[in-house]
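Take the sequence shown: its letter number 78 is residue 79 in my numbering, and every next letter is one higher.
Beta carbons are placed, not taken as given, at the ideal position from N, Cα and C, and that holds for glycine.
These numbers come from a predicted model, not from an experiment.
Quick notes on the structure that follows.
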Amino acid sequence: MAQGAEATILHADLDAFYASVEQLLDPSLRGKPIAVGGGVVLAASYEAKAFGVRGGMPGRKARELCPELIFVGGHFSEYQRLGDAAIKVLDDFTPLVERISIDEAFADVAGCTHLFGPPDEIAHAIRRRVKAELGLPISIGVARTKHLAKIASQVAKPDGLVVVEPGTELAFLHDLPVTLMWGVGPATRARLADIGVETIGQLARTHGGALKRLLGPAAGEKLAALAWNRDPRRLETHRRAHSAGAQSALGRKPALPRVFVPTLLHLADR
2 MAQGAEATIL
12 HADLDAFYAS
22 VEQLLDPSLR
32 GKPIAVGGGV
42 VLAASYEAKA
52 FGVRGGMPGR
62 KARELCPELI
72 FVGGHFSEYQ
82 RLGDAAIKVL
92 DDFTPLVERI
102 SIDEAFADVA
112 GCTHLFGPPD
122 EIAHAIRRRV
132 KAELGLPISI
142 GVARTKHLAK
152 IASQVAKPDG
162 LVVVEPGTEL
172 AFLHDLPVTL
182 MWGVGPATRA
192 RLADIGVETI
202 GQLARTHGGA
212 LKRLLGPAAG
222 EKLAALAWNR
232 DPRRLETHRR
242 AHSAGAQSAL
252 GRKPALPRVF
262 VPTLLHLADR
């Protein structure tokens, strides 16, 4: 279990971030199914996701699922600027912020409740500021552990807030699908489904030895602990990045050196 008796860890996640930024930059796109990318979908709006469009999907398949889908090229410098601005809002409430991607971060507000009120009020204030100052929707989960706060923010989407109070964690957690857990991708989900495990509660009730045999010792032990909300990790406020990335969609342009070499050089420079 996490440190402290109160739920003070926030996980804040900008909703459908790339697509939301495009709808912010071009209001005519609001309420319409859009995808950032071209040949491959980099991100999709909630309107597009309702048709089954997902990031990483080939553009042709996305159009088959959603004939009205609008593709946009993407404004990557704006994504970085607005992502940084959202993190700055968190920084204004607490110095304990762990950014884990361009559009999401953890924050521990245990030490600032005397200034800004209880954690749920802080979360509401963050959401109001991000909406007012940046024009973007953001979902926040609040819990005693990082793992549960992140799951709560996913449950809160789109544009919502979920607080998991102490004493209610397992009741909240165990009815949810295993796909919401950190470390459960398509391959792990399929393996768990083979033994009849589809919810986190079913995972929690599965013998640890069986999980280790199925997933490997490290992964099996980790998932078994997380299923019982055992997550002692503190925020890493000075994380060192293990990788850096930039991306751009070429759309339907031909795969010729004169087309992709300038793009590669630009991405490497970024």
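Per-residue burial, residue i [other beta carbons within 10 Å of its own, 16 or more giving buried]
| i | result |
| --- | --- |
| His208 | exposed |
| Ala20 | buried |
| Ser29 | exposed |
| Leu212 | buried |
| Thr169 | exposed |
| Gln81 | exposed |
| Lys151 | buried |
| Glu23 | buried |
| Gly216 | In the sequence as presented, Gly is not what sits at residue 216; that position holds Leu. Per the 10 Å Cβ criterion, buried. |
| Ala6 | exposed |
Own chain partners of residue i with C-beta closer than 7 Å, once the 5 adjacent residues on each side are dropped
| i | result |
| --- | --- |
| Arg100 | Ile88 and Ala106 |
| Glu166 | Ala8 |
| His125 | Leu162 |
Own chain residues within Cβ distance below 6 Å of residue i, not counting five before or after
| i | result |
| --- | --- |
| Met58 | Val42 |
| Val179 | Val185, Leu193, Ile201 and Leu204 |
| Ala191 | none |
| Ala153 | Gly142, Ala144, Val163 and Val165 |
| Val98 | Leu91, Asp92, Ala106 and Ala108 |
Proximity to residue i [Cα-Cα], best of the options
| i | options | result |
| --- | --- | --- |
| Arg128 | Ala6, Leu11 and Leu265 | Leu11 |
| Ser140 | Val131, Trp183, Lys151 and Lys158 | Lys158 |
| Glu69 | Leu181, Asp176, Ala36 and Asp14 | Ala36 |
| Asp160 | Gln24, Gly197, Val143 and Leu137 | Leu137 |
| Asp14 | Gly32, Leu162 and Glu65 | Leu162 |
| Ala188 | Leu177, Ala17 and Ala220 | Ala220 |
- Query: What are the uninterrupted segments assigned as beta strand (DSSP E) that are 3 or more residues long and contained completely in the segment 21-72, given in chain order?
  - Reply: 35-38 and 42-45
- Curious, which full-length beta strand (DSSP E) runs of at least 3 residues does the segment 118-158 contain? 139-144
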